[in-house]
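Notes follow once the structure below has been shown.
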Amino acid sequence: MNTVTSTSTTKLPDLTDPAFWAREDSHLILRELRHRAPLWRLESEAEGPLWCVLTHALANEVLSDADRFSSERGSLLGTGTDRAPAGAGKMMALTDPPRHRDMRGLVMPFFTKRKAVELKGRVADLTRQVVRGALEAGETDFVKDISSTVPLTVMCDLLGVPDEDRDHVVRMCDRAFLGDTPEERSEAHQQLLPYLFALGLRRQSDPRDDIISTLVTHTVDGRRLPLDEALLNCDNILVGGVQTVRHTATMAMLALTRHPDAWQAMREDGYDPELGTEELLRWTSVGLHVLRTARVDTELAGRRISAGDRVVVWTPAANRDEAEFEDPDRLRLDRTPNRHVAFGWGPHYCIGAPLARVELAALFEALSEETDWVEVLRPPVPNRSLINFGLDSLTVTLHARGGTG
């Protein structure tokens, strides 16, 4: 049985079960739980004992304090209850300061706000091509045909995938991210890693101005990164750069079809795409959780946390916290301030956030300018993941502006 402990033991839905997040009433349940206590002890059959963080303030406290809460034993659930993930101490996502700061610094020049602004024109051109292609196609899958294409292309640019390899890599990534079965996705991912390894070897002797070259030729802690560590980070950057935008764009589009007032507001004069993008990020909160492990005995919300305890920040709960957001269950594209934690917080704040914002803003600008409305043709297919809550399929028709459909 899954239980939580506040002042007493109470039955609680299993937040580690992806089916919970597909429920229509999940936010209502989270609100009730958050009102009872900001921190719950969950005994999960799949993941073991966990502390569940449900408020915005506690989410900020945990994610900001790497001295008390470590990433090295995992940043996501699903790797088992008693072992650190294979990339612990090697991948940026699985390191603590100061090593994390040094590794992040290597690739930060590719993800600054200035770099994102430089890429804005290319992103806008690519996005408009994708939207116009979908308009011509008629029935289309928003997941496979619209929301994935631009982030994958841009990540290939930044990583340094040669033009002659691009079609091959895109096909592998499509299967790795969008394959019909978990087995197909796993097989494609295993094919992608050897490609990155071979490209990394080439870039060691012939470096370019790209992420792979930077990681395989620079040093951290006074030594060059081993090739396997460099490429684990390349793979992690590729996955994060594509998946976050894909899921957010798709869930945001679904939300806009269900909130026609918000869709209309997006199309009106005076719409601020920066504010709108932040609200879509808060509303969708596709990264369901962030895991930390207590490094020392400490206290959180007046509760005793022992060294080694696992603490999980549930992002959708924090991003609907009434103590931080006025009327949090309303989709308001002009919401300000909007201190959501969709990109995390603290030292592990998403390195690709500026680029993701540019890509999302470009997509919804193109959609609002090129289409009158987007029609969902079949029920969306949830992906049933505990890592990213998104869709495996969203079949739609884009109706062109000024059309008769």
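Take 332 as the starting number for the sequence shown in this note's numbering and just add one per residue. All C-beta atoms in this analysis are idealised placements derived from N, C-alpha and C, irrespective of residue type, glycine included. Just so we're clear, the structure is a prediction, and the values are computed from it rather than from any experiment.
Length of the line joining the Cα atoms of residue i and residue j
| i | j | result |
| --- | --- | --- |
| Gly639 | Gly510 | 36 Å |
| Arg367 | Arg577 | 34 Å |
| Asp488 | Leu343 | 45 Å |
| Glu274 | Ala377 | The requested residue 274 is not part of the displayed model; the chain covers only 332 to 736. |
| Arg670 | Ala350 | 28 Å |
| Glu403 | Phe656 | 31 Å |
| Glu706 | Leu587 | 11 Å |
| Glu374 | Arg453 | 48 Å |
| Pro429 | Ala529 | 30 Å |
| Gly785 | Thr702 | The question about residue 785 has no answer, for the chain in this structure spans 332 to 736. |
| Asp541 | Arg663 | 38 Å |
| Ile682 | Asp723 | 25 Å |
| Glu467 | Ala731 | 9 Å |
| Ala417 | Ala593 | 43 Å |
| Trp371 | Phe720 | 22 Å |
| Leu527 | Ser536 | 15 Å |
| Ser744 | Ala632 | What the structure shows of the chain is the stretch from 332 to 736, and residue 744 is not part of that stretch, so it cannot be assessed. |
| Pro525 | Arg555 | 20 Å |
| Leu546 | Phe441 | 12 Å |
| Asp784 | Tyr602 | Residue 784 is absent from the model: the chain starts at 332 and stops at 736. |
| Val712 | Val438 | 35 Å |
| Thr581 | Gly553 | 42 Å |
| His590 | Gly607 | 14 Å |
| Leu359 | Glu696 | 31 Å |
| Ser544 | His499 | 20 Å |
Range of the contiguous alpha helix (DSSP H) that encloses residue i
| i | result |
| --- | --- |
| Thr484 | Thr480 to Leu490 |
| Arg623 | Per DSSP, Arg623 belongs to no alpha helix (DSSP H); it is in the beta strand (DSSP E), His620 to Ala625. |
| Arg354 | Counting along the chain, Arg354 falls outside any alpha helix (DSSP H), and DSSP gives it neither H nor E. |
| Thr471 | No alpha helix (DSSP H) contains Thr471, which is instead part of the beta strand (DSSP E) from Glu470 to Asp472. |
| Leu373 | Element bounds for Leu373: not the alpha helix (DSSP H) but the beta strand (DSSP E), Leu370 to Ser375. |
| Ser395 | His387 to Ser395 |
| His431 | Arg430 to Val438 |
| Ala419 | Here Ala419 belongs to no alpha helix (DSSP H), and DSSP marks it neither H nor E. |
| Asp496 | Where Asp496 is concerned, there is no enclosing alpha helix (DSSP H), given that its DSSP letter is neither H nor E. |
Extent of the continuous beta strand (DSSP E) to which residue i belongs
| i | result |
| --- | --- |
| Val644 | Arg641 to Trp645 |
| Glu630 | Thr629 to Leu631 |
| Val384 | Gly379 to Val384 |
| Arg613 | Looking at the DSSP string, Arg613 is not in any beta strand (DSSP E); the run it does join, the alpha helix (DSSP H), is Pro604 to Thr615. |
| Asp406 | Reading off the sequence shown, one finds Ser at residue 406, where the question assumed Asp. Counting along the chain, Ser406 falls outside any beta strand (DSSP E), and DSSP gives it neither H nor E. |
| Arg634 | Arg634 to Ile636 |
Cutoff 7 Å; reference residue i; Cβ partners in own chain excluding five residues on either side
| i | result |
| --- | --- |
| Glu630 | Ile636 |
| Thr386 | Arg365, Pro369, Ala649, Asp652 and Ala654 |
| Leu569 | Met486 and Leu490 |
| Glu550 | As written in the sequence, residue 550 is Thr, which differs from the Glu given in the question. Same-chain partners within the cutoff: there are none. |
| Thr347 | Ser375, Ala377, Glu378, Leu408 and Leu717 |
| Val727 | Thr471, Phe473, Val705, Glu706, Val707 and Leu708 |
| Ala465 | Thr471, Asp476, Ile477 and Leu729 |
| Arg435 | Met423 and Ile682 |
| Arg399 | Ala625, Arg626, Val627 and Thr629 |
| Arg497 | Cys487 |
| Arg623 | Val393, Phe400, Ser401, Ser402 and Val642 |
| Asp660 | His358 and Arg651 |
| Gly571 | Gly683 |
Any non-hydrogen atom of the ligand GDP within 7 Å of residue i CB
| i | result |
| --- | --- |
| Cys565 | In the structure on display, the ligand GDP does not appear, and there are no ligands present to speak of. |
Same chain only: Cβ atoms within 8 Å of residue i, ignoring 5 sequence neighbours per side
| i | result |
| --- | --- |
| Val573 | Ser479, Pro482, Leu483, Met486, Cys504 and Phe508 |
| His324 | Residue 324 lies beyond the residue range present for the chain, which begins at 332 and ends at 736; the question has no answer from this structure. |
| Leu698 | Val462, Met584, Val705 and Leu729 |
| Trp382 | Leu370, Trp371, Arg372, Leu373, Leu631, Arg634, Ile636, Asp640, Arg641, Val642 and Val643 |
| Val501 | Leu483, Thr484 and Cys487 |
Nonlocal neighbours in the same chain, by C-beta distance under 6 Å from residue i, ignoring five residues either side
| i | result |
| --- | --- |
| Ala390 | Val384, Val644, Ala649 and Val672 |
| Leu611 | Ala583 |
| Ala684 | Phe674 |
| Ala693 | Val454, Ala455 and Thr458 |
| Arg539 | Gly491 |
| Gly736 | Its pLDDT being 49, under 50, Gly736 is placed unreliably in this model, and the value from its coordinates should be taken loosely. Excluding residues within five positions, the ones whose Cβ falls inside 6 Å are His730. |
| Thr548 | Pro538 |
| Arg516 | Ala507 and Gly510 |
8 Å Cβ cutoff, residue i in contact with chain D
| i | result |
| --- | --- |
| Arg709 | In the structure shown, chain D cannot be found, because there is only a single protein chain. |
If contact is defined by three or more beta carbon pairs under 8 Å, each pair taking one atom from either stretch, is the segment 457-468 in contact with the segment 551-562?
no
Entirely enclosed alpha helix (DSSP H) segments - the segment 653-725, minimum 4 residues:
Correct list: 684-701.
Segment contact, 8 Å Cβ cut-off, at least three pairs: the segment 676-694 with the segment 441-455
yes
Runs of alpha helix (DSSP H) lying entirely within the segment 511-543, each at least 4 residues, in chain order:
513-536
Taking three-plus beta-carbon pairs below 8 Å as touching, is the segment 609-621 in contact with the segment 512-527?
No, the segment 609-621 is not in contact with the segment 512-527.
Segments of 4+ residues assigned as alpha helix (DSSP H) that fall wholly inside the segment 562-599:
Listed in chain order, the complete alpha helix (DSSP H) runs (minimum 4 residues) inside the segment 562-599 are 591-597.
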